[in-house]
Amino acid sequence: MNAIDIVKEQAAAYDAGKSFAVVTIVQSDGSTPRSSGKMIVYPDGSSKGTVGGGAVELLAIRDAQKCIQSSENAFKSYDLTSPSSDTGMTCGGHVSVLIEVFIPRPLLVMCGAGHVGGCMLKLAEFVGFDTILIDDRPEDAIADKIETANRFVGVKDFEGEISAMNIPAGAYFVIATHGHACDGEALAGALGKNAAYIGMIGSSKKVAALFDKLRAKGVSGEQLDSVYTPVGLDIGGETPEEIAIAIMAEIQSVRYGKNADHMKGKEK
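Residue 1016 in this note's numbering sits at position 190 of the sequence shown; the count goes up by one each step and never skips.
The structure is reproduced here in structure tokens:
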């Protein structure tokens, strides 16, 4: 794998929303397997490219995995002069590598360009999310919301077109379209996307009706139980801005694994 292939692999991994590390030989002294080299390492230890193979490469992969886990770059040196070193090699040299970690920005998929949707897009940008806005209305009617999003997808069929979209696993979905039917379609599409979070605005009565329809279509109770609805943390407020804050706070609590007072399961 040459340098161009490595760059292409990096771009593909980033577009797919994958975390990875790039390991580059930055210094080599004496006799070493390679004086230059670069590889990409993924969290599971799989890799593309090489920094020399053998024990050095295994150690570099291990260190790259640790760096991905901690989200920190690192500079590592490996001793190839003694069988008692970590490498167990006696080539007679040293290899130093730079490990650079790339963690993709979290992705908010906002289904609905209403007042709450517009506020969600602004908040998401503020806290470092990439955003996709999905709506079925004419673009000129929601131009201000489209301008705020990183990407806009106009749809006619929420379920079918969300299902067909290339959305990386671990995305955060918020469903707040202009109607109950569209909410149900968007939810059906989102449930097939291996999302980290799916939240849907709606009263308990509306949600129960939508869930009944989805069960009739074969959606499992386990899938429906994963949906955060009523959506947001129970912090009060009724304006679009306040609702958006409650939803984003809930997303952050899920993202960081924190306990919080969710509206989910409460009557509304």
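Every residue, glycine too, gets a C-beta built ideally from N, C-alpha and C.
Taking 7 Å as the cut-off, the Cβ atoms of Lys982 and His1006 do not count as close. In this structure, the beta-carbon distance from Ser1079 to Ala1086 falls below 7 Å. As far as DSSP is concerned, Tyr840 takes part in no beta bridge. From the listed residues Pro932, Ser861, Asp855 and Ser1052, the smallest Cα separation to Ala842 is found for Pro932. The shortest C-alpha to C-alpha distance from Phe1037 to any of Ala1012, Ala1022 and Ala886 is the one to Ala1012. Residue Asp961 holds the alpha-carbon nearest to the alpha-carbon of Gly944 among Lys1043, Asp961, Gly1044 and Gly878. A Cβ-Cβ contact shorter than 7 Å links Gly940 with Ala1002. Here Glu1067 has Cys945 as same chain residues with Cβ atoms under 7 Å from its own Cβ, once five neighbours each way along the sequence are excluded.
Residue ranges of uninterrupted beta strand (DSSP E) with 3 or more members, entirely inside the stretch 840 to 912 and ordered along the chain, are 846 to 855, 864 to 867, 873 to 876 and 900 to 905. In the three-state reduction of the DSSP assignment, Leu1050 falls in the helix class, which pools H, G and I. For Phe952, the closest alpha carbon among the candidates Asn976, Asp966 and Gly938 is that of Asn976. Take the alpha-carbon of Ala1021 and the one of Ala1035: they are about 23 Å apart.
Taking a cut-off of 8 Å for Cβ pairs, the stretch 988 to 1002 and the stretch 963 to 972 do not touch, as fewer than three such pairs fall below it. Between Val867 and Ser873, the gap from beta carbon to beta carbon is short of 7 Å.
Taking a cut-off of 8 Å on C-beta distances, the stretch 921 to 935 touches the stretch 893 to 902, as three or more cross pairs fall below it. In the DSSP annotation of this structure, the continuous segment of the alpha helix (DSSP H) that includes Arg1041 starts and ends at Ser1030 to Ala1042. Assignment of Thr1003 by DSSP, reduced to helix, strand and coil, places it in the coil class. In the three-state reduction of the DSSP assignment, Gly940 falls in the coil class, being assigned neither a helical nor a strand state. Beta-carbon to beta-carbon, Val877 and Ile851 are separated by about 5 Å, close enough to satisfy the 8 Å threshold.
Secondary structure at Met1026: strand, using DSSP grouped into helix, strand and coil. Looking at Ile830, Pro869, Asn828 and Leu947, the one whose alpha-carbon comes closest to that of Ser845 is Pro869. Arg931 is bridged by DSSP to nothing; it lacks a bridge partner.
The beta carbons of Ala1042 and Leu1059 sit no closer together than 7 Å.
In its chain, beyond the 5 residues on either side, Ile993 have a beta carbon closer than 6 Å to the beta carbon of Lys1019.
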